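In our numbering, the protein residues as written are 489 to 750.
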């Protein structure tokens with residue numbers, strides 16, 4: 489009964505509610521605005537029908553109060569190692585261990601704060617003809633260093649809804665362009681390093697992707713983040729690029745073996 493009611497909710501209505509929430513969130517309080525560039529390279533490897541592994545390499549650049557240039561300073565580098573388990577065609581269970589090298593950038597209110605992060609995640613897919621709607625639930629344990637050199641434990645919950653629509657096909661395959669829209673809410677435990685508010689941030693993402701082959705794809709998107717803080721809240725406008733390689737080494741090894749057998 490519950491899943492049927494979710495499926496009957498019009499997509500336009502869901503998107504309207506998400507946009508209105510974002511507008512309401514940023515309409516009050518003192519805020520600083522920064523322009524950023526996010527890049528990510530993803531490597532995915534299928535182990536068997538149930539399991540897959542993933543490696544992410546991330547890089548973030550940002551403008552500052554003294555410069556509006558999007559590549560003015562490098563603020564963060566990160567890597568994540570994932571394990572994915574496909575419980576059913578609709579459920580994917582995941583976990584990752586990550587390290588974030590947060591640089592010392594006083595102009596955006598950031599000090600050097602290296603961080604280890606562990607997460608448990610569940611993704612549920614509503615597969616439809618012509619589009620896919622998914623909802624993602626993630627619990628994170630963040631072990632991050634504060635200004636005094638001590639490490640703090642911070643717990644964070646993230647809830648995302650995502651809409652993916654192939655443009656020139658009904659399925660994702662080589663040569664297909666697709667559109668993506670997502671919104672994610674972040675909630676966290678109280679911590680001096682990230683502020684005392686329970687609501688951590690909202691992230692709205694609009695973009696498109698293209699599959700060069702069945703195993704190589706790129707996504708270009710615009711992300712808007714609102715971060716409420718005790719003294720000075722932030723709005724981040726980010727251009728994002730994600731390049732994904734699926735089983736590329738496995739496929740290349742197969743091609744080499746086939747040639748050697750000819």
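Here a beta-carbon is modelled for each residue, glycine too, at the ideal position from N, C-alpha and C.
Since the structure is predicted, the reported quantities are computational estimates derived from the model, not experimental observations.
Fill in: Opposing strand residues paired with residue 541 [DSSP bridges]
To locate residue 541, count along the chain shown from 1; it is residue 53. Its beta-bridge partners are 533, 571.
Discussion item. Quick check on the burial criterion: 16 or more other C-beta atoms within 10 angstroms. Buried or exposed for residue 647?
Written reply: Numbered from 1 along the chain shown, position 159 holds the residue referred to as residue 647. The residue is exposed, with fewer than 16 neighbouring Cβ atoms inside 10 Å.
Worksheet item: What number of angstroms, rounded off, separates the C-alpha of residue 516 from the C-alpha of residue 563?
Response: In the chain shown, residue 516 corresponds to position 28, counting from 1. In the chain shown, residue 563 corresponds to position 75, counting from 1. Low per-residue confidence applies at residue 516: pLDDT is 47, beneath 50, and the placement is therefore not dependable enough to give any value.
Discussion item. Can you check which of these residues, 593, 528, 724, 699, is closest to residue 689 by C-alpha distance?
Written reply: Position 201 of the chain shown, counted from the first residue, corresponds to residue 689. If we check each option's Cα against that of residue 689, 724 comes out closest.
Discussion item. Could you compute how far the alpha carbon of residue 490 sits from the alpha carbon of residue 611?
Written reply: Here residue 490 refers to the residue found at position 2 when the chain shown is read from its first residue. Here residue 611 refers to the residue found at position 123 when the chain shown is read from its first residue. In this prediction, residue 490 has a pLDDT of 43, which is less than 50 and means its spatial position is unreliable; nothing more can be read from the coordinates.
Worksheet item: What is the DSSP secondary structure of residue 654, counted as helix, strand or coil?
Response: Counting from one through the chain shown, the residue named residue 654 turns up at place 166. Looking at residue 654 - three-state DSSP - the assignment turns out to be strand.
Fill in: Proximity below 8 Å, CB of residue 549 to CB of residue 534
For this step, residue 549 is matched to residue 61 along the chain shown. For this step, residue 534 is matched to residue 46 along the chain shown. Result no, Cβ atoms of residue 549 and residue 534 do not sit closer than 8 Å.
Worksheet item: At what residues does the beta strand (DSSP E) containing residue 706 begin and finish?
Response: What you label residue 706 is simply residue 218 of the chain shown in a count that begins at 1. Taken as a continuous stretch (DSSP letters only), the beta strand (DSSP E) holding residue 706 covers 704-715.
Discussion item. Per the DSSP calculation, residue 597 is bridged to which residue(s)?
Written reply: Position 109 of the chain shown, counted from the start, is the residue given in the question as residue 597. Note: residue 597 sits in no beta bridge, so no partner.
Worksheet entry | Distance CB(residue 599)-CB(residue 733) smaller than 8 Å | Counting from 1 along the chain shown, the entry for residue 599 is found at position 111. Counting from 1 along the chain shown, the entry for residue 733 is found at position 245. No, they are not a contact pair.
Worksheet item: Under three-state DSSP, which class holds residue 617?
Response: Position 129 of the chain shown, counted from the first residue, corresponds to residue 617. Residue state, collapsed to three classes: coil.
Worksheet entry | Buried or exposed by the 16-neighbour rule on C-beta atoms within 10 Å, applied to residue 579 | Mapped onto the chain shown, residue 579 falls at position 91. Residue 579 comes out exposed.
Practice prompt. Taking only the alpha-carbon atoms, compute the straight-line gap between residue 514 and residue 714 and give it to the nearest angstrom.
Written response: Within the chain shown, the letter at position 26 stands for residue 514. Within the chain shown, the letter at position 226 stands for residue 714. Since pLDDT at residue 514 reaches only 47, below the 50 mark, its modelled position is unreliable, and the value read off the structure follows with that caveat. The straight-line gap from Cα to Cα measures roughly 7 Å.
Worksheet item: With distances taken between CB atoms, is the gap from residue 651 to residue 641 smaller than 8 Å?
Response: Against the chain shown, residue 651 aligns to sequence position 163. Against the chain shown, residue 641 aligns to sequence position 153. Against a cut-off of 8 Å, the Cβ pair of residue 641 and residue 651 comes out as no contact.
Item to complete: Classify residue 723 as helix, strand or coil using the three-state DSSP reduction.
Response: Taking the first residue of the chain shown as position 1, residue 723 is located at position 235. Looking at residue 723 - three-state DSSP - the assignment turns out to be strand.
Practice prompt. Ignore the nearest five residues each way along the sequence and tell me which others in residue 541's own chain have a CB closer than 8 Å to its CB.
Written response: For this step, residue 541 is matched to residue 53 along the chain shown. Correct list, in chain order: 532, 533, 535, 569, 570, 571, 572.
Worksheet item: Does the beta-carbon of residue 522 have 16 or more other beta-carbons within 10 angstroms, so that it is buried, or is it exposed?
Response: Locating residue 522 in the chain shown gives position 34, where the first residue counts as 1. Residue 522 should be labelled buried.
Worksheet item: Going by DSSP, which residues form a beta bridge with residue 729?
Response: By 1-based counting over the chain shown, the position of residue 729 is 241. 527, 708, per the DSSP bridge assignment.
Worksheet item: Excluding five sequence neighbours on each side, which residues of the same chain lie with their C-beta closer than 8 Å to the C-beta of residue 524?
Response: The residue given as residue 524 occupies position 36 in the chain shown. Within the same chain, residue 524 has close Cβ partners 548, 549, 550, 551, 558, 563, 724, 725, 726, 727.
Discussion item. Would residue 629 and residue 639 be called neighbours here (beta carbons separated by less than 8 Å)?
Written reply: Taking the first residue of the chain shown as position 1, residue 629 is located at position 141. Taking the first residue of the chain shown as position 1, residue 639 is located at position 151. No. Outside cutoff.
Worksheet item: Grouping DSSP H, G and I as helix and E and B as strand, with all else coil, what is residue 558?
Response: In the chain shown, the residue the question calls residue 558 occupies position 70. Here residue 558 sits in coil by DSSP.
Fill in: Inter-residue CB distance, residue 607 and residue 624 (contact presumed, cutoff 8 Å)
For the purposes of this step, residue 607 is taken as the residue at position 119 of the chain shown. For the purposes of this step, residue 624 is taken as the residue at position 136 of the chain shown. Incorrect: roughly 11 Å between the Cβ atoms, too far for contact.
Discussion item. Beta-carbon within less than 6 Å of residue 581's beta-carbon, same chain only, minus the 5 sequence neighbours each way: which residues are those?
Written reply: Taking the first residue of the chain shown as position 1, residue 581 is located at position 93. 573, 575, 610.
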